[in-house]
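**Q** Sharing a structure below in structure tokens format, with a few things to ask.
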DNA sequence: GTAATACCTATAGTTACTAGAGGTTCAAGT
DNA sequence: ACTTGAACCTCTAGTAACTATAGGTATTAC
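Residue numbers (my numbering), protein chains in the order written: chain C, 1 to 159; chain H, 1 to 159.
Next up, the structure:
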């Protein structure tokens, strides 16, 4: 991750998992989880077995958090980290990964837009009577009344 | 669900779980799962303990599948079914549920659009050199380089 | 010294299914 | 009637990416 070689100072500051979490915008549980699945290296421990971190960890975790915010899967983040750890590599792979992800995001966007439009249509046509005449229920009951929304498969990330 | 009273014919046709699944666009496992969580009533069994369905089940399952395609959660679908089962009710609740869902969809859409734009920006600025100068890695490393994407919380449905 | 807070591990729960093991039943062909 | 293959059955575990809980230890502030 473009590590600056840690200045071998005698006053290196160590922080606990709570502060690390606050600094990088996630929860301590998540930090431990990332360590467990190997996104973060096992942190060194103090006397009392508590994890101590340096600013390098803040940077790495921020990177992870940020990539996740973009909707990259954990496995994709793992690859991105691997690449970021090797600055001399050509960035073609990074580019490919990003483009692939962009394509997925655009597909989701298209689907979600269709859903939104159809939801709006449904809601606009609701006459406010009884469920028996409800257009929303009608549309859900009968696919022929629906214009755009296609069946799909699994769930996916990003809110 | 706006049931037509089933004509008490002596020639009522029963189908198996496989055909039901095909007719309504999901898999047998999913049908059993929906029965298990109570979205579908327990189906009557034949001599050999296999589930037998009528066309009513096809309609109900299609409704479920369709609502899921719209991104309604299973719990929301449960409520929608409950309402659809009572045609005399005012459809205000249905309307509220749909509007609430629309709002969520629009929020997701906004987020996803921001992600797409930022991904595009990232990709366009990639000079194709080494990872060391890669803008994509830079943006992921440093939130200040990123314009729009906000941290978020959990995962969500719809591809 | 003590009390509040932060930390530890390990396990289970979340959503909406999907996949697999290991066995039974059905429908068709011979 | 017999056999084969597809469809069906139940039960359990696995998926993604965490989150929550229980039950205990360490650190810090007063």
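Even glycine gets a Cβ: it sits at the ideal position worked out from N, Cα and C. Every value quoted in this text rests on a predicted model; they were computed, and no experiment measured them.
1. Would you check if the distance between the CB atom of residue 58 (chain C) and the CB atom of residue 77 (chain C) is smaller than 8 Å?
2. Taking just the CA atoms, how far does residue 70 (chain C) sit from residue 31 (chain H)?
3. Cutting at 8 Å between CB atoms, please list the residues of its own chain near residue 48 (chain H), excluding the five before and the five after it.
4. Quick one: Cα of residue 10 (chain H) to Cα of residue 16 (chain H), how far?
5. In chain order, what residues of the region 107-131 of chain C put their CB closer than 9 Å to some CB of chain H?
6. Alpha carbon to alpha carbon, what distance is there between residue 35 (chain H) and residue 44 (chain H)?
7. Find out if the Cβ-Cβ distance for the pair residue 86 (chain C), residue 131 (chain H) is shorter than 8 Å.
8. Going by C-alpha distance, which of C:98, C:13, C:138 and C:62 is nearest residue 83 (chain H)?
9. Spatial neighbours of residue 80 (chain C) within its chain, please: C-beta separation below 6 Å, excluding the five flanking residues on both sides.
10. Can the beta-carbon of residue 112 (chain H) be found less than 8 Å from the beta-carbon of residue 109 (chain C)?
11. Reducing DSSP to helix, strand and coil, say where residue 37 (chain C) ends up.
12. At a CB-CB cut-off below 8 Å, which residues of chain C make contact with residue 59 (chain H)?
13. Pop quiz: residue 116 (chain H) and residue 106 (chain C) are said to be a contact at Cβ under 8 Å. What is the actual Cβ separation, rounded to whole angstroms?
14. Assign residue 42 (chain C) to one of two classes, buried (16 or more other C-beta atoms within 10 Å of its C-beta) or exposed (fewer than that).
15. Starting from the C-beta of residue 155 (chain C), find all residues in its chain whose C-beta is less than 7 Å away, skip the five residues before and the five after it, and write them out in chain order.
16. For residue 56 (chain H), count neighbouring C-beta atoms within 10 Å of its own C-beta (all shown protein chains included) and say buried if the count is 16 or more, exposed if not.
17. When the Cα atoms are used, what is the spatial distance from residue 51 (chain H) to residue 40 (chain H)?
18. Can you say whether residue 18 (chain C) is buried or exposed, counting buried as having 16 or more other CB atoms within 10 angstroms of its CB?
19. Determine the direct distance from the alpha carbon of residue 125 (chain C) to that of residue 142 (chain H), and round the result to whole angstroms.
20. How about residue 129 (chain H) and residue 91 (chain C): are their beta carbons less than 8 Å apart?
21. Is there at least one Cβ from chain H nearer than 8 Å to residue 74 (chain C)'s Cβ?
22. Assign residue 28 (chain H) to one of three DSSP states: helix, strand, or coil.
**A** Inspection of the coordinates gives the following:
1. As a first step, residue 58 (chain C) must be located in the first chain, where it is residue number 58. As a first step, residue 77 (chain C) must be located in the first chain, where it is residue number 77. No; because the gap between Cβ atoms is not below 8 Å, this pair is not in contact.
2. On the second chain, residue 31 (chain H) is found 31 positions in, with the first residue counted as 1. On the first chain, residue 70 (chain C) is found 70 positions in, with the first residue counted as 1. So the alpha carbons of these two residues sit roughly 34 Å apart.
3. Position 48 of the second chain holds residue 48 (chain H). Excluding sequence neighbours, residue 48 (chain H) sits near nothing in its chain.
4. As a position in the second chain, residue 10 (chain H) is number 10, starting the count at 1. As a position in the second chain, residue 16 (chain H) is number 16, starting the count at 1. For residue 10 (chain H), the predicted model reports a pLDDT of 47, less than 50, meaning its position is unreliable; a value from the coordinates is still stated below. Those two C-alpha atoms are separated by around 18 Å.
5. 107, 108, 109, 111, 112, 113, 115, 116, 118, 119, 120, 122, 123, 126, 127, 128, 129, 130 and 131
6. Position 44 of the second chain, counting from 1, holds the residue named residue 44 (chain H). Position 35 of the second chain, counting from 1, holds the residue named residue 35 (chain H). Cα-Cα distance, rounded: 11 Å.
7. As a working mapping, residue 86 (chain C) is identified with position 86 in the first chain. As a working mapping, residue 131 (chain H) is identified with position 131 in the second chain. Yes; because the gap between Cβ atoms is below 8 Å, this pair is in contact.
8. Here residue 83 (chain H) refers to the residue found at position 83 of the second chain. Closest by alpha carbon: C:138.
9. In the first chain, the residue the question calls residue 80 (chain C) occupies position 80. When the five nearest sequence neighbours on each side are left out, the beta carbons in the same chain lying within less than 6 Å of the beta carbon of residue 80 (chain C) are those of 67, in order along the chain.
10. Looking up residue 112 (chain H) in the second chain gives position 112. Looking up residue 109 (chain C) in the first chain gives position 109. For residue 112 (chain H) and residue 109 (chain C), yes; Cβs fall inside 8 Å.
11. Within the first chain, the letter at position 37 stands for residue 37 (chain C). Residue 37 (chain C): coil per DSSP, three-state reduction.
12. Here residue 59 (chain H) corresponds to residue number 59 of the second chain, with the count starting at 1. Within chain C, the residues near residue 59 (chain H) are 141.
13. On the second chain, position 116 is the one that residue 116 (chain H) refers to. On the first chain, position 106 is the one that residue 106 (chain C) refers to. The C-beta distance from residue 116 (chain H) to residue 106 (chain C) rounds to 6 Å, short enough to meet the 8 Å contact threshold.
14. Position 42 of the first chain holds residue 42 (chain C). Around the beta carbon of residue 42 (chain C), fewer than 16 other beta carbons lie within 10 angstroms, which makes this residue exposed.
15. The residue you call residue 155 (chain C) lines up with position 155 of the first chain. Any reading at residue 155 (chain C) must be qualified, since the residue scores a pLDDT of 43, below 50, and its modelled position is unreliable; the value itself is stated next. Here the set comprises nothing.
16. Residue 56 (chain H) sits at position 56 when you count from the first residue of the second chain. Classification of residue 56 (chain H): exposed, given that the 10 Å Cβ count is below 16.
17. Translated into the one-based positions of the second chain, residue 51 (chain H) becomes position 51. Translated into the one-based positions of the second chain, residue 40 (chain H) becomes position 40. A straight-line Cα-Cα distance of about 12 Å links residue 51 (chain H) and residue 40 (chain H).
18. By 1-based counting over the first chain, the position of residue 18 (chain C) is 18. With a threshold of 16 other beta carbon atoms within 10 Å, residue 18 (chain C) falls short and is exposed.
19. On the second chain, position 142 is the one that residue 142 (chain H) refers to. On the first chain, position 125 is the one that residue 125 (chain C) refers to. In a straight line, the C-alpha of residue 142 (chain H) is about 46 Å away from that of residue 125 (chain C).
20. Stepping through the second chain from its first residue, residue 129 (chain H) is reached at position 129. Stepping through the first chain from its first residue, residue 91 (chain C) is reached at position 91. In contact: residue 129 (chain H) and residue 91 (chain C) (Cβ atoms closer than 8 Å).
21. Along the first chain, read from residue 1 onward, the residue named residue 74 (chain C) stands at position 74. With a threshold of 8 Å between beta carbons, residue 74 (chain C) makes no contact with chain H.
22. Position 28 of the second chain, counting from 1, holds the residue named residue 28 (chain H). Residue 28 (chain H): helix per DSSP, three-state reduction.
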